[in-house]
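For reference, the structure is listed below as structure tokens.
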Amino acid sequence: MSSPTPKKILIIEDEPEIAQLVKLYLEKDGFRTTIAKTGPEGLKMVKADRPDMVILDLMLPEMDGLEICKKIRIAPDTALLPVLMLTAKAEESDTIIGLELGADDYVSKPFSPKVLVTRVKALFRRLQRSDEPKHSSYAYGSLLLDLSRHEALIDGEEILLTAKEFGLLEQLLHHTGRVLTRDVLLNAVWGYDYYGTTRTVDVHIRRLKLKIPLLDDAIISVKSLGYKLKDRNASD
Ligand code: CA
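The end of the sequence shown is residue 221 by the numbering used here, with every number in the run present.
Okay, here's the thing in structure tokens:
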């Protein structure tokens, strides 16, 4: 009802009762859904069906949720696909790893289907920003990035950035709260024909953190994938 084209959600879950319950509640709310029972099947459907979001169970046969999430993030065409992970309470450490590996949010089992639907909607709202056209400026705490004047300001004081540092910061600010792989950043800032390595990204992130100390805590390194600028409204 909220959008003209219903969003398509792929549920990757091996327990049929849970998959059906999630499907039922999502469809009651106007979403379209498909179900995959295993990781490999899920990955195939990600490519073939182009879902708008994946609800991904952590514990799956053949290939677990972490591995699937990583594969989704590494492939350039699905690098920004929203992933909500389903975890069990006892797997708290895995939950953290799930977020480190690029899940956008998680819900612990057992969960109320209504709560899950609420979280799905919240995630769509939060990630909508990434689809919006580029802004003319971005504010992040005391940091202001003014694209029209090509200036980075901290409390009104200009910080001198190189063009690449500026471009990196712009990407991170535009996708706040999302994991961006080194390849995504490299392509966005340096371009597809750039011959350098993904290490270049690390070097420039380090320089950004030195020049703008508030970014030192705010830019999180996501194990073996890339970087994420913390959402300022998030509790974590
Ligand atoms: Ca399972």
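Quick reminder that beta carbons are idealized off the backbone N, C-alpha and C, glycines included.
Since the model is a prediction, treat every value here as computed from it, not as a measurement.
Between which residues of its own chain and residue i is the CB-CB distance below 7 Å, once the five residues before and five after are set aside?
| i | result |
| --- | --- |
| residue 179 | 171 |
| residue 46 | -1, 23 |
With 16 other CB atoms within 10 Å as the buried threshold, where does residue i fall?
| i | result |
| --- | --- |
| residue 143 | exposed |
| residue 58 | buried |
| residue 99 | exposed |
| residue 155 | buried |
| residue 208 | exposed |
| residue 36 | buried |
| residue -10 | exposed |
| residue 2 | exposed |
| residue 201 | exposed |
| residue 148 | exposed |
| residue 163 | buried |
| residue 216 | exposed |
| residue 34 | exposed |
| residue 195 | exposed |
| residue 199 | exposed |
For residue i, collect the residues of the same chain with a Cβ closer than 8 Å to its Cβ; drop the 5 residues on either side in sequence, then sort them by chain order.
| i | result |
| --- | --- |
| residue 220 | Any reading at residue 220 must be qualified, since the residue scores a pLDDT of 41, below 50, and its modelled position is unreliable; no value is offered. |
| residue 153 | 170, 174, 186, 189, 190, 193 |
| residue 183 | 167, 168, 171 |
| residue 10 | 98, 99, 101, 102 |
Report the rounded CA-to-CA distance for residue i versus residue j, giving the unit in angstroms.
| i | j | result |
| --- | --- | --- |
| residue 95 | residue 73 | 7 Å |
| residue 146 | residue 197 | 10 Å |
| residue 13 | residue 211 | 36 Å |
| residue 48 | residue 56 | 11 Å |
| residue 141 | residue 107 | 33 Å |
| residue 159 | residue 123 | 8 Å |
| residue -6 | residue 125 | 31 Å |
| residue 32 | residue 61 | 11 Å |
| residue 165 | residue 5 | 32 Å |
| residue 40 | residue 17 | 13 Å |
| residue 204 | residue 15 | 36 Å |
Given residue i, which residues of its chain have a CB within under 6 Å of its CB, disregarding the five upstream and five downstream residues?
| i | result |
| --- | --- |
| residue 136 | 143 |
| residue 157 | 214 |
- prompt: What are the start and end residues of each continuous beta strand (DSSP E) run of 3 or more residues lying completely inside the stretch 115 to 150, in chain order?
  reply: 122 to 125, 128 to 131, 136 to 139, 142 to 144
message: Tell me whether the stretch 50 to 68 and the stretch 173 to 190 touch, counting them as touching only if at least three CB pairs, one residue from each stretch, are closer than 8 Å.
response: no
query: Curious, which full-length alpha helix (DSSP H) runs of at least 4 residues does the stretch 2 to 52 contain?
result: 24 to 34
- prompt: Are the stretch 111 to 125 and the stretch 17 to 34 in contact at 8 Å, needing three or more beta carbon pairs?
  reply: They do not touch, by the three-pair rule.
query: Hey, which unbroken runs of the alpha helix (DSSP H) at 4 residues or more fall wholly within the stretch 156 to 203?
result: 167 to 174, 184 to 196, 199 to 203
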